[in-house]
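Each remark here refers to the structure printed beneath this line.
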Amino acid sequence: MSTVRGGEVAAGRSSLRGGGVAASIPLLGNDSEPTIFELSANQRSSCSFRTTGIEDYPLDKFIPKKHLREDEVQLPQVSERDLVAHFTRLTHRQYSVDLGAYPLGSCTMKYNPKLCDYVANMPSFANIHPGAPSSAIQGWLEVLVRLEEILCEVTGMYCATLQPAAGAAGELTGLLLMRAFHDSNGDKRTHIIIPDSAHGTNPASVTLGGYLVTTVPTDSRGCVDVSSVKKVAGSNIAGIMLTNPNTLGIFEEEIVEIAQLIHGCGGLLYYDGANFNAIMGKVRPGDMGFDIVHLNLHKTFATPHGGGGPGAGPVVVSKRLAKFLPGPRPVRIADRERSFVKTNSKPEHSHSSQVYGWEMPESSIGRVHSWHGNSLVLARALAYILYNGSDGLKHASEMAVLNANWLRKRLSNNYDVAFDRTCMHELVLTLTKFKKDFGVRAIDLAKRLMELGFHAPTIYFPLIVDEALMIEPTETESLQTLESLAGALDQIAEEAREVGASSKFHEYPSTTPVGRVDEALAARQLIPTYDAKH
Amino acid sequence: MNGRGFTPHTEEEVAEMLSFIGINSIDELFEVIPEVIRLDRELNFAMAMSEADVIDEFDRIGRNNKANSDLVCFAGGGAYDHDISYATRSLAGRSEFVTAYTPYQPEVSQGVLQAVFEFQTLISRLVELPITNASLYDGASALVEAVNLGVAQSGNNRVFVSKAVNPNWRAVLRTFAKGSGHDIIEIDLTNGVTNWDSIISLDSSDKVLTESSMQLPGVVVVSYPNYFGCLEDVEGLRSWANRIGALFVVVYDPVASGVLIPPGALGADIAVGEGQAFGTALSFGGPYLGLFSCKQELVRRLPGRLVGETLDSNGRSAYVTTLRAREQDIRREKASSNVCTNQTLMAVTCAIQMSWLGRQGLKELAKRCINATNFLRSRVLEVDDIFALSDAPHVRDFAISLPVTADVIIERMAEEGFLAGIALGPQMESDEYSNVLLVSATEKRTLREIETYVELMRKVIK
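Quick mapping for you: the protein sequence lines, in order, are chains L and C. Each residue of the first sequence is one higher than the one before, starting from 36 at the first, in the working numbering. Each residue of the second sequence is one higher than the one before, starting from 313 at the first, in the working numbering.
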């Protein structure tokens, strides 16, 4: 087969006329889909514009010619029918939660309720300008205030900012809160402690927060090594960032001792909420001793991941950090006497009938978002919370942990669990033996699993586990799905033991829309746009 | 029944699973949590509700919002009330796009990857820069990342930013500068355009700063058009930035760039913008998407994700996230950005809406917005006691000075069913702007709406 790129692989291409080619096998075809640019033909169009009655003046009446571009932007020219066919065919080349299980560790790919889609599309929420006066957005402010109250209760914290657009944005916001806190005490601290099992965003955020990383190791039980924390805890430590349960899926049992050590040296505790799905209604970061918490609403609170966003990463804090929170903050006006607010903070033009308004915390670090955060994601999360209720959230965590432990037990016949003890919402396997004995690596297993119809687990993370395979089933997968997944993993374990498995596994996957993708070639010969090669 | 719809487990199955694990109760799974910190009560908020009850509740809450059907929207300022095609709504709402994860396994993620690749191409064509990432959180985060990149590349953390850059974005930039330590210098305005002469002399070639003690910047940021809708001359500034080796960052408006000289042709090293106008509803400010493009030589420092084209094992075209070695999960504390989750769904939406608009449609959209805004501007300036902030050419926003504070006018206009604009006083954090209103008209605004707006303004400013 000749080596071709783009839509050229499809037969019968007539590039002279433009307009591309129709997909040869639209029904379940595995042909490459031409790009939208190849489907373009001069003077085709989809768009239409409303009648306004405004006289159409020539552009140069308002804009001097020197500011105007000469050519039109070379956007594709396609009919609406072809546009719809193109993007629909792309969706047929895409796995998703709605299609099946997505057991990615640390990603909490639970089912995204349709009810929340409905809420996010309600015109009374979606069609609101973010700069509208507070008299026109009382409903939105109610959503934000109620969500904040529930997030505080579920984490055991005092108040929140809903502005951060994702977990990493929450982390950086949290680190700036730490900095503001220490600065206000005239306390110059330089380092943040991070376990070697932490997510990569943690150390990256620390650098952007202007701090240096002190790494502490994991002990033989899969927990932070407390004696190492004790050794480094000192007057240079601004705080520690922990995920609990940690990325090995194990609860940090010595969290109380760690909190005492960090608070004892004047530092603060930051809770990375990536794994919060394990503990709702069971234990709260605030009660563990954390000062700052971020939550990933696109994990724990079921807002869809959108192929890589949007997310939302609200940050919830204890009382002593409240006055540093980003602003303006949505508030119930009756709560306005709360001590951390600027005394001269008043709404822009308050009507007595208004229940909700904005306010600026006394020593706010400032804005962290263009507007108020990923509002529609926040509304989805509130809808999810109201549906589940306090009892349903707790049940969700219980079933998530039950599912993970069932899988841990079920898989332990054929696989080595990295730290084989009761786990929380996820488990980590290590494929060291498979690599050594059969030449089959975690990536090979992942690709084979996809061929068998399951999305792969997270691989090669956490970094401290060799050939790691990190599985998070979530509470929304049934026992039947888990049995089926375990069956597929058993089959793979059998296959790995067969003669010649190593080379055979390199050929997987073959039943997916494309075969194994050459990632090295992509980096070596960068083609970041259609025009880069034409 | 209520609150259990998303967990499939029957009681029988739970018992079977517990027995398989070798324990007697769910509580045993949580015994690893020290008793002293375990929550010994139920969470203190409402118990589960039915789906219908949740929807009723949101219906009730939503009635306390005034949507753009209740308030005719003349507000812009980085968030615009555009029509969204039903093709875009339908396609972008498909669950394969909505419920997919980040495409870490490219073999089963070609749909999202190719859509993002097309997005990158569309934005690169729009701005005339060869590299565009897969989006950032919003316009503000794109600006922050541009400045971070510029500082890293120039090795100079001094940043000159025009005060005519979106004030909310500048606020975000100042917040994050507290961590990065960047030295952000904001340049004052005169009549709605940046007064670069207040700090530099663009004509002389060597001693460019009026205050000799001042160090040269590593990054210069200008907005074209600026936040007040005005077009500034940026050519002199660009050559000055080039001469002193500073990176030139241009904040642009993606709709206006449909007819304006694009940032790449203006000499931008990095171009950043807010992509909401292409297919994303006003959404009370989010989720939106930050647009980020740059020159080829900056690609190794690019923040966020980048999709590249490659081949699969059969030599067929395929797409994959690439240059991953830049990213936080690999470089950890040495990474220049911590971005992980971005706004992929909005980028896919943007690609669909831009393709729906097409070559003629984008130009027509830009013309209609500029035409309506300038028509409204000329009409509203006929009202006694309303004055223009600037006489520079205007694109899709304009600022007017009122005889009373803008907040008051906005409330009075809201009672009449109009969102009059954005009050600049609080945003610019200056009393100088307390009577200034920022107004915009998109392609949705009709002659009748504009005439009513002007008549109402005449009435309410009295």
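Note that CB positions come from ideal geometry on N, CA and C, so glycine has one too.
In the DSSP assignment, find the unbroken beta strand (DSSP E) run with residue i in it and report its ends.
i	result
F710(C)	F710 to S713
E498(C)	D495 to I499
C194(L)	C194 to T196
E394(L)	Y391 to E394
L623(C)	V619 to L623
What are the boundary residues of the alpha helix (DSSP H) that residue i is part of?
i	result
F409(C)	S407 to V410
W581(L)	Residue 581(L) falls outside the range modelled here, since chain L spans only 36 to 569, and no answer is possible.
C187(L)	Q173 to T190
P158(L)	P158 to A161
S466(C)	G451 to S466
F122(L)	E115 to T126
S519(L)	L514 to R532
A203(L)	G202 to S219
R437(C)	Q422 to V439
T249(L)	From DSSP, T249(L) is part of no alpha helix (DSSP H) but of the beta strand (DSSP E) over L247 to V251.
M329(C)	E323 to I333
H329(L)	Element bounds for H329(L): not the alpha helix (DSSP H) but the beta strand (DSSP E), I327 to L330.
I373(C)	E363 to G374
I722(C)	A718 to E727
Below 8 Å on the Cβ atoms is my guess for residue i versus residue j; work out the distance and round it to an integer in Å.
i	j	result
T242(L)	E325(C)	Between E325(C) and T242(L) the Cβ distance is about 46 Å, and since that is not below 8 Å, they are no contact.
W406(L)	P165(L)	4 Å
S141(L)	E518(L)	S141(L) to E518(L), Cβ: 23 Å. No contact.
F386(C)	G733(C)	6 Å
L428(L)	L332(L)	That belief does not hold up - the Cβ atoms of L428(L) and L332(L) are roughly 13 Å apart, past 8 Å.
L356(L)	L207(L)	Not confirmed; about 15 Å, so no contact.
In whole angstroms, give me the CA-to-CA distance for residue i and residue j.
i	j	result
D455(L)	L504(L)	14 Å
G191(L)	E510(L)	23 Å
E530(L)	N626(C)	23 Å
E586(C)	R708(C)	14 Å
L448(C)	G602(C)	4 Å
L731(C)	Y413(C)	37 Å
S232(L)	D641(C)	12 Å
K378(C)	S595(C)	13 Å
F431(C)	Y130(L)	20 Å
I228(L)	K266(L)	11 Å
S114(L)	K679(C)	22 Å
D451(L)	T516(L)	21 Å
F97(L)	Q198(L)	37 Å
Which of the three DSSP states, helix, strand or coil, is assigned to residue i?
i	result
A583(C)	strand
T225(L)	coil
T758(C)	coil
K568(L)	helix
L674(C)	helix
R644(C)	helix
S402(C)	helix
N747(C)	coil
K519(C)	Residue placement at K519(C) is flagged as unreliable, the pLDDT there being 48, under the threshold of 50; the coordinate-derived value follows with that caveat. Residue state, collapsed to three classes: coil.
L360(L)	coil
E639(C)	coil
H102(L)	helix
Y153(L)	helix
N686(C)	helix
N478(C)	coil
G308(L)	strand
H298(L)	helix
Y416(C)	coil
T369(L)	Per the sequence shown, the amino acid found at residue 369(L) is Ala instead of Thr. Helix at A369(L).
A273(L)	strand
T444(C)	strand
L549(C)	helix
Name the residues in the stretch 705 to 722 of chain C whose C-beta lies less than 9 Å from a C-beta of chain L; which are they?
-> Within the stretch 705 to 722 of chain C, those residues whose Cβ lies closer than 9 Å to any Cβ of chain L are, in chain order, P705, H706, V707, T717, D719, V720 and I722.
Name the residues in the stretch 235 to 254 of chain L whose C-beta lies less than 7 Å from a C-beta of chain C; which are they?
-> Listed by position, the residues of the stretch 235 to 254 of chain L near chain C (Cβ gap below 7 Å) are G235, T236, P238, A239, S240, V241, T242, L243, G244, G245 and V248.
Listed in chain order, which residues of the stretch 438 to 459 of chain C have Cβ atoms closer than 8 Å to some Cβ of chain L?
-> L438, P442, I443, T444, A446, S447, Y449, D450, G451, A452 and S453
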